[in-house]
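This note's numbering puts the first residue of the sequence shown at 388, with every later residue one more than the last.
Ideal Cβ placement from N, Cα and C applies to all residues, glycine included.
The structure under discussion appears below in the form of C-alpha cells.
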Amino acid sequence: MTAKGQPVGIFDSGIGGLTAAYAIIRQLPHEQIVYFGDTAHLPYGPQPAEAVRTYSADITAFLLEQGCKAIVVACNTATAAALNYLRERWPDIPFIGMEPAVKPGANATRTGKVGVLATAGTFKSQRYASLMHRYAKDVELLENPCTGLVERIENGQLNGPEMEAFLRNILEPMLAAGADTFVLGCTHYPFVQPLIEKIVGLHSSVINPAPAIARQLQRVLEERQLLSPGLRGAHRFYVSGEKGNFESLASGLLGFEVRVEAGVVL
Ligand code: DGL
C-alpha cells in the first residue's frame, strides 16, 4: 500500500483525544485512524513533563509500527511536554499538536477576559508561556487546572447535578470576574461542553479547537501529498491499561460501535 493509504495515528492519555478524532473523521472521511488511549498512565496533567515525553515517544513508536503516515498529538499536555522532542526524533513524520486556543480566545472576547480550562502540565509549560506572550498581551487570562475533571469524564460522568456543581465551582468565579470567552485547553473537556455552555450562557463563547486541528491535518496531508485516495480500512482503537468506559464513551461520541483491540503494553 502506498503511504497515502496508510492510517493517521492519534493519541491521548485516554478518551480525550476522541474529541479530536471525531472532528477528523468528519473533516476527512476517507482517512483511516488508529487511536491510542494511554489509560495505564492517565492522567497526564499532574505528571512531570519528562514522564509525559517518555509515554508520548513510546506511543509514537507503536503507531509508526502500525504504519501511520502522520501523528496527531490529540492532547494539550503531551503537546506541551513532547511535540518538539517528537519532531526532532522523527523528522520525516508530520506531527500535528494541540494547544489552548489562546489566540482565537483573545480575538473573540469583548470584555478582555478569557477563561482558560487546561491541565496543570499545560499551564506550567514553556509552550503555554509563549502563547500568552504572543497572543494575550491585551487580554486577561483566567486559568483553572480543573483538578479531577479528566478522571470524572473517564468515569463516564458527563452530566448530572454533581458534575454541574463541579463545573460551576470552576466557571462561576470566571464569570463573576467578567470572562465572556472560554477556551477548552484539554481534549477531554469537550465531553462536557453542553454543560459548560449551559452554565456560561448564550452570551459567552466556548472554544473547542478540534475542528481547527482537523483542518490543520488536512492542510499538512495535502502539502505532503498524503491524503487518502478514497478507500480506507476500519478505524482501530488501542488502550494501554484498563478499557474502563472507553468503548461505550467512544461509541457514544463517534456514533459507531467502537471495539478496543487487545490491550497494548508499552
Ligand atoms: N486530554 C489531555 C489534554 O488535552 C490530558 C488529560 C490528562 O490526562 O490529564 O491535556
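Which stretch, first to last residue, makes up the alpha helix (DSSP H) that contains residue i?
| i | result |
| --- | --- |
| ASP445 | 436–452 |
| ASN556 | 548–563 |
| THR464 | 463–476 |
| PHE643 | Element bounds for PHE643: n/a, residue is neither H nor E. |
| ILE480 | Careful: ILE480 lies outside any alpha helix (DSSP H) and carries neither H nor E. |
| TYR409 | 405–414 |
| GLU610 | 597–610 |
| ASN494 | 489–495 |
| LEU529 | From DSSP, LEU529 is part of no alpha helix (DSSP H) but of the beta strand (DSSP E) over 527–531. |
In chain order, what residues of the same chain have a beta carbon less than 8 Å from the beta carbon of residue i, not counting five sequence neighbours either side?
| i | result |
| --- | --- |
| VAL579 | LEU536, ILE540, LEU545, ASN546, MET550, LEU554 |
| ARG514 | THR466, ALA467, LEU470, GLU486 |
| ALA493 | VAL501, TYR522, ALA523, ASP525, VAL526 |
| TYR409 | ALA597, LEU640, LEU641 |
Give every residue of the same chain whose Cβ lies closer than 6 Å to the Cβ of residue i, excluding the five residues on either side of it in the sequence, and list them in chain order.
| i | result |
| --- | --- |
| LEU608 | LEU614 |
| THR406 | THR574, PRO577, ALA597 |
| GLN453 | VAL421 |
| PRO616 | LYS391 |
| ASN632 | GLY543 |
| GLU629 | THR426 |
Using 6 Å as the cut-off, classify the Cβ of residue i as near or not near the heavy atoms of the ligand DGL, replying yes or no.
| i | result |
| --- | --- |
| CYS462 | yes |
| PRO435 | no |
| TYR431 | yes |
| SER400 | yes |
Based on Cα-Cα distance, which residue from the options lies nearest to residue i?
| i | options | result |
| --- | --- | --- |
| SER627 | MET485, ARG413, PHE449 | PHE449 |
| PRO433 | GLY424, GLY404, PRO416, ASN463 | ASN463 |
| GLY401 | ALA410, PRO394, PHE423 | PHE423 |
| ARG602 | PRO560, LEU415, ASP399, PRO394 | LEU415 |
| GLY588 | LEU604, GLU559, ASN595 | GLU559 |
| ARG413 | LEU640, GLY650, VAL652, LEU653 | LEU640 |
| GLU358 | LYS511, LEU618, PHE482, ARG646 | Residue 358 falls outside the range modelled here, since the chain spans only 388 to 653, and no answer is possible. |
| ILE586 | ALA599, ALA563, LEU604 | ALA563 |
| VAL651 | THR447, TYR431, PRO430, THR466 | THR447 |
| ALA649 | SER638, GLU634, GLY642 | GLU634 |
| GLU538 | LEU653, ILE411, TYR431 | TYR431 |
| GLN393 | GLY508, HIS622, VAL439, THR509 | HIS622 |
Hey, quick one: how far does the beta strand (DSSP E) through residue i stretch, first residue to last?
| i | result |
| --- | --- |
| ALA457 | 457–460 |
| LYS500 | 500–504 |
| THR568 | 568–571 |
| SER517 | Element bounds for SER517: not the beta strand (DSSP E) but the alpha helix (DSSP H), 513–522. |
| ILE420 | 420–424 |
| ILE594 | 592–594 |
Is the distance from the Cβ of residue i to the Cβ of residue j below 7 Å?
| i | j | result |
| --- | --- | --- |
| ALA461 | THR534 | no |
| GLY543 | CYS455 | no |
| THR568 | THR496 | yes |
| ASP479 | LEU653 | no |
| ALA566 | LEU529 | yes |
When you compare the CB of residue i with every CB in chain C, is at least one pair closer than 7 Å?
| i | result |
| --- | --- |
| GLN603 | Given the protein chain composition of this structure (a single chain), no chain C is represented. |
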